[in-house]
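For the sequence shown, position 206 matches number 206 in full-length UniProt numbering, and the numbering has no gaps at all. Backbone N, C-alpha and C define an ideal beta-carbon position, used for all residues, glycine too.
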Amino acid sequence: MASTAMAAVRQTAPRAASALAASVSRRPLSHTTVLPPISNEPVREYPPESEERMELLAACARVRSETVDIPCVINGKEVFTGNTIEQRACSDHQHAVARVHLASPELIQEAIDTSLSVREEWEQLDFEHRAAVFLKAADLLSTKFRNEVLAATMIGQGKNMFQAEIDAAAEAADFYRFGVKYANEIYAEQPAHHAQHVWNRVEYRGLEGFVAGIPPFNFTAIGANLGATPAIMGNVVLWKPSENAALSNYVVFKALREAGLPDGVVNFVPAAGPTFGDKIVSSPDLAAISFTGSTRTFNTLWKGVADNLDKYKTYPRLVGECGGKNFHYVHNTADLDNAVYSTIRSAFEYQGQKCSACSRLYVPESMWPEFRDRMLDCMRDIQVGEPDDFKTFMTAVIDEKAFDKIVSYINYAKESSEMEVLAGGEADKSVGWFVQPTLVQSTNPHSKLMEEEIFGPVITAYVYPDDQWEETLDLVNKTSPYGLTGSIFSADRSVIDTGLKKLRHAAGNIYINAKSTGSVVGQQPFGGARRSGTNDKAGASSYLARFTSMQAAKECLLYLDDWKYDHMK
Ligand SMILES: NC(=O)c1ccc[n+]([C@@H]2O[C@H](COP(=O)([O-])OP(=O)(O)OC[C@H]3O[C@@H](n4cnc5c(N)ncnc54)[C@H](O)[C@@H]3O)[C@@H](O)[C@H]2O)c1
Ligand SMILES: N[C@@H](CCC=O)C(=O)O
């Protein structure tokens with residue numbers, strides 16, 4: 001007796017066979033390819049007197065001397081709306097580095113319509129062509145545009161050379177190169193099992209609608225990633241840069257255009273946050289929001305989506321990476337030097353304006369006097385100054401609003417009976433928005449400064465009894481609503497093991513004897529849960545996976561010759 005599978009099918013007729021052959025040879029839209037080797041962009045050091053340092057300084061001087069008009073770019077057309085805001089140099093706020101032309105609701109709608117009109121063509125382009133645009137943009141950013149994007153980041157967002165280099169040159173290029181690699185790996189994921197005479201395949205479609213990319217001010221690379229990476233997966237994107245990072249984001253956008261990104265696939269849409277937010281959440285064609293910024297703004301967007309839920313043609317994907325209250329937990333077995341230096345870097349690099357920056361510190365009583373004194377020694381040595389002075393460790397914070405908020409926390413600490421400002425605490429906004437690195441000690445582990453995100457160069461220490469090291473881990477876990485990054489410093493494996501278990505949900509990125517900042521694309525996928533976001537992990541394939549909608553295809557290679565199953569006959 002024939003097998004069930006055989007009995008239910010008949011041999012394919014010659015005419016059908018040719019149709020089958022045509023179908024089999026049809027190339028899926030999302031297919032894998034062989035890529036050139038992908039690795040992290042090397043970080044440059046710009047040695048003294050070197051040509052590369054001179055060129056970078058010349059680029060900084062240009063940013064310091066001119067005000068660039070930044071248009072909206074819709075379908076390749078530059079639109080100078082005349083409704084402008086200024087992006088100011090953080091360390092010299094008399095100077096505007098850019099005049100940013102803001103989109104009206106009508107222009108945002110035009111950007112939506114344009115992107116939808118090119119969506120199908122872009123999505124159906126063979127993957128090699130989409131990939132090549134992004135690989136080329138990465139190469140342009142790391143060569144021709146390197147100095148321009150670095151200078152825009154240094155002067156416009158207040159980063160010293162090293163902080164700009166690891167962000168605007170290295171991480172931005174990494175996001176595009178690794179984005180292509182991850183897309184290729186996703187496309188290769190195909191069903192492993194096929195019933196007899198059946199061929200199963202999966203097609204990875206772009207989302208049916210538009211993606212809104214909404215980045216924060218603090219990383220040019222995050223602008224690059226949110227504003228354009230979803231296009232690697234065949235999507236169209238509206239990129240709304242942060243008003244405080246418009247210049248650097250515009251340089252990245254120019255690199256993408258020069259790399260051959262077709263008009264309309266990514267539209268560059270500077271706009272007031274709420275204007276943009278209201279417009280996109282009320283569009284029936286919203287397919288996804290890729291957001292990074294404060295928890296409060298992400299909540300507003302999520303609620304906006306909920307309010308409009310009945311309107312959407314497809315459920316919008318919500319990807320949000322938000323705030324943090326990151327910890328360094330130090331055990332009395334820790335290497336003191338390593339813990340102190342790591343804490344200085346994590347708390348004060350880029351003025352504490354990394355979502356990953358350490359802002360609460362737990363040190364055992366036995367170590368505290370020496371730990372504190374070593375911290376104070378280092379802090380006396382920190383140079384706070386101009387971003388294009390290579391000796392500078394810290395520059396000014398991003399804007400007046402941030403300055404005022406940080407100072408209000410410092411003043412709160414100064415007036416509180418449970419806190420003492422051990423170092424820093426001074427601030428001056430007469431020329432730039434400068435806040436000195438500040439160390440606070442709190443006797444209350446739940447004081448305001450131990451729990452709330454400040455986003456500035458302020459770290460608060462809580463000193464715990466050595467014999468309560470385990471209870472202190474529970475305290476670390478329960479102190480803040482966030483779950484972004486944190487570090488455990490100890491030389492004792494059982495302490496590290498206990499720490500990892502107790503802090504399992506306290507951080508999306510946990511570090512062991514290493515600072516809580518500085519994730520690298522392809523090495524430490526980045527993001528957190530709890531109120532820190534959806535933890536989709538920038539710099540990993542899981543991020544790309546949020547921007548594809550899978551279609552499973554099952555193809556029968558032989559035809560049915562009866563509607564009855566064998567056992568019915
Ligand atoms: N978890 C992460 O990966 C990560 C990375 C970087 C920064 N951050 C967080 O970002 C915050 C700092 O960045 P920020 O000050 O730029 O954040 P923000 O929330 O003020 O702004 C982020 C972006 O949202 C826009 N926006 C503001 N209101 C909006 C609205 N109603 N609708 C739509 N868009 C709106 C802004 O213009 C900006 O482009 C911190 O909380 C930090 O922890 C998180
Ligand atoms: N990925 C960066 C932080 C990004 C947010 O600001 C880090 O790991 O320090």
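Could you tell me the alpha carbon to alpha carbon distance between Lys564 and Glu555, rounded to whole angstroms? 20 Å
In whole angstroms, what is the alpha-carbon distance linking residue 616 and Ala540? Nothing in the structure corresponds to residue 616, since the chain is present only between 1 and 569.
Excluding the 5 residues preceding and the 5 following Pro191 in the sequence, name in chain order all residues of the same chain whose CB lies nearer than 6 Å to its CB. Asn200
Contact under 9 Å by Cβ, Trp239 with Val266: yes
Among Ser532, Gln551, Arg531 and Gly527, which has the Cα closest to the Cα of Ser542? Gly527
DSSP three-state label for Glu420, please. strand
Classify Pro105 as buried or exposed, calling it buried when 16 or more other Cβ atoms lie within 10 Å of its own Cβ. exposed
Closer than 6 Å is what we want: which residues have a beta carbon that near any heavy atom of ligand 2? List them in chain order. Asn218, Phe219, Lys354, Cys355, Ser356, Thr517, Gly518, Ser519 and Phe526
Is the closest heavy atom of ligand 1 to the C-beta of Gly234 under 8 Å? no
Following the continuous beta strand (DSSP E) through Phe219, name the residue where it begins and the one where it ends. Careful: Phe219 lies outside any beta strand (DSSP E) and carries neither H nor E.
Return the chain-ordered list of same chain residues with a C-beta closer than 6 Å to the C-beta of Ala103, the five sequence neighbours on each side being excluded. Cys72, Val269 and Ala271
What I want to know is whether the C-beta of Lys240 ends up closer than 8 Å to one or more non-hydrogen atoms of ligand 1. yes
Give the single residue among Glu123, Phe371 and Glu208 whose Cα lies nearest to the Cα of Pro262. Glu123
Could you check whether Thr443 and Gly424 sit closer than 9 Å to each other, using their CB atoms as the reference points? no
Backbone CA spacing between Ser346 and Asp474 [nearest angstrom]: 22 Å
So His129 is in the alpha helix (DSSP H); what residue range does that whole segment cover? Phe127 to Leu141
For the candidate residues Glu49, Cys378 and Asn244, whose alpha-carbon lies nearest to that of Arg99? Asn244
Regarding Leu102 and ligand 1, is the C-beta to nearest heavy atom distance less than 8 Å? no
Please report the residue range of the beta strand (DSSP E) in which Trp563 lies. Premise fails: Trp563 is in no beta strand (DSSP E) and is neither H nor E.
Checking the sheet assignment: what are the DSSP bridge partners for Thr485? Asn509
Can you look up Gln124 in the DSSP assignment and give me helix, strand or coil? helix
Under the three-state reduction of DSSP, which class applies to His194: helix, strand or coil? coil
What's the C-alpha gap between Tyr350 and Val397? 8 Å
Segment limits, beta strand (DSSP E) that includes Pro525: Careful: Pro525 lies outside any beta strand (DSSP E) and carries neither H nor E.
Taking the alpha-carbon positions, what's the Leu422 to Tyr312 distance? 53 Å
Per DSSP, what kind of secondary structure is Gly533 in: helix, strand or coil? strand
May I ask you to check if the CB of Cys90 is nearer than 8 Å to at least one heavy atom of ligand 1? no
Over what stretch of residues does the alpha helix (DSSP H) that includes Met450 continue unbroken? Lys448 to Glu451
Can you tell me which of Asp389, His101, Glu128 and Ala195 puts its alpha carbon nearest to the alpha carbon of Leu558? Ala195
Please list, in chain order, all residues of the same chain as Met161 whose beta carbon is under 8 Å from its beta carbon, the five residues on each side excluded. Tyr46, Leu56, Leu150, Met154, Pro387, Asp388 and Phe390
Report the residue from Val43, Glu78 and Asp167 whose alpha carbon sits nearest the alpha carbon of Thr517. Asp167
In DSSP terms, what Cys72 is bridged to: Val79
Comparing the CB of Thr229 with every heavy atom of ligand 1, is any distance shorter than 8 Å? no
Considering just the uninterrupted stretch of the beta strand (DSSP E) at Val281, what are its terminal residues? Looking at the DSSP string, Val281 is not in any beta strand (DSSP E); the run it does join, the alpha helix (DSSP H), is Gly273 to Val281.
Coarse secondary structure for Tyr315, derived from DSSP in three states: coil
Apart from the five residues on each side of it in sequence, which residues of its chain come closer than 6 Å, Cβ to Cβ, to Arg546? Arg317, Val319 and Asp536
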